[in-house]
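Q: The structure under discussion is supplied below as structure tokens; questions concerning it will follow.
In our numbering, the protein residues as written are 1115 to 1373.
What follows is the structure, encoded as structure tokens:
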């Protein structure tokens, strides 16, 4: 019997018609247990014991089974690389090959981080922020891959990806994008995200081109009051009551550099 265990009793009702008969004509019970019926925690091992009985009496508990480890299959990105597009309007698109495990493609939760590499390290590990570096890692986006599970080897039509609005770069510093993921399944939320892909590192330039140095104005047009003739203003009734009439241009011309 395991030394450290928590007991869970599950009562199952079966009939004689559900028995599987062996070659020796000895009835053998076989029961399928749905994982949702009892709280199995991924990452832990479990042993099972059984006893049989009816309303009046029960047998002794059987010996424990061999320990069964409840584990999540490892998620991997086939080439382990993030593909980062050219900046456009202060945004970039980050893509990667669909994540798979030993069973094929499965739903997954993903987060993208921007990591500042420590100085003096040509091959820095991105599995943890640099020690002693403030703001070494910055969360920049998330993605939930809810695609239906597929078999290994099945071609994909497109790569998953996210569009990221970036800010906070320091001139002359080296950076890289990192993709971390975990299974999108019941009980998986307790696990940490693990690194599955990264981009090649790059150095942020001391001076950026006009695309990055020009501020982007995301504000909406400001309503303006339409001028009216003085004689109409004197006889106007629009100032009576609690309502004020505001007007603005019916539309704006579309420009190539408009956001």
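For each residue, glycine too, the CB sits at the ideal point set by N, CA and C.
So, are the CB atoms of residue 1228 and residue 1254 less than 8 Å apart?
A: As a working note, residue 1228 is residue 114 in the chain shown. As a working note, residue 1254 is residue 140 in the chain shown. Against a cut-off of 8 Å, the Cβ pair of residue 1254 and residue 1228 comes out as a contact.
Q: Let me know the secondary structure DSSP gives residue 1190 once reduced to three states.
A: Taking the first residue of the chain shown as 1, we reach residue 1190 at position 76. It is a strand residue.
Q: The beta strand (DSSP E) that contains residue 1307, what's its start and end?
A: For the purposes of this step, residue 1307 is identified with residue 193 of the chain shown, where counting begins at 1. That residue, residue 1307, is in no beta strand (DSSP E); it is neither H nor E in DSSP.
Q: Going by the DSSP bridge assignment, what does residue 1255 pair with across the sheet?
A: Here residue 1255 corresponds to residue number 141 of the chain shown, with the count starting at 1. Residue 1255 is bridged to 1226.
Q: Residue 1277 lies in the beta strand (DSSP E); which residues open and close that run?
A: Stepping through the chain shown from its first residue, residue 1277 is reached at position 163. Taken as a continuous stretch (DSSP letters only), the beta strand (DSSP E) holding residue 1277 covers 1275-1279.
Q: Pick out whichever of 1164, 1221, 1161, 1294 has its Cα sitting closest to the Cα of residue 1260.
A: If you number the chain shown from 1, residue 1260 lands on position 146. Considering only alpha carbons, the answer is 1221.
Q: Since residue 1315 is in the beta strand (DSSP E), which residue starts that stretch and which ends it?
A: Within the chain shown, numbered from 1, the residue matching residue 1315 stands at position 201. It is not in any beta strand (DSSP E) - residue 1315 carries neither H nor E in the DSSP assignment.
Q: What is the DSSP secondary structure of residue 1219, counted as helix, strand or coil?
A: To locate residue 1219, count along the chain shown from 1; it is residue 105. Note: residue 1219 maps to strand in three-state DSSP.
Q: Anyone know if the C-beta pair for residue 1211 and residue 1193 falls short of 8 Å?
A: The sequence position of residue 1211 within the chain shown is 97, counting from 1. The sequence position of residue 1193 within the chain shown is 79, counting from 1. Yes. Within cutoff.
Q: Given residue 1180, which residues of its chain have a CB within under 8 Å of its CB, disregarding the five upstream and five downstream residues?
A: Residue numbering aside, residue 1180 sits at position 66 when the chain shown is read from its first letter. Same-chain partners within the cutoff: 1161.
Q: Between which two residues does the beta strand (DSSP E) holding residue 1200 run?
A: In the chain shown, residue 1200 corresponds to position 86, counting from 1. No beta strand (DSSP E) contains residue 1200, which DSSP labels as neither H nor E.
Q: Under the three-state reduction of DSSP, which class applies to residue 1167: helix, strand or coil?
A: As a position in the chain shown, residue 1167 is number 53, starting the count at 1. If DSSP states are grouped into helix, strand and coil, residue 1167 belongs with the strands.
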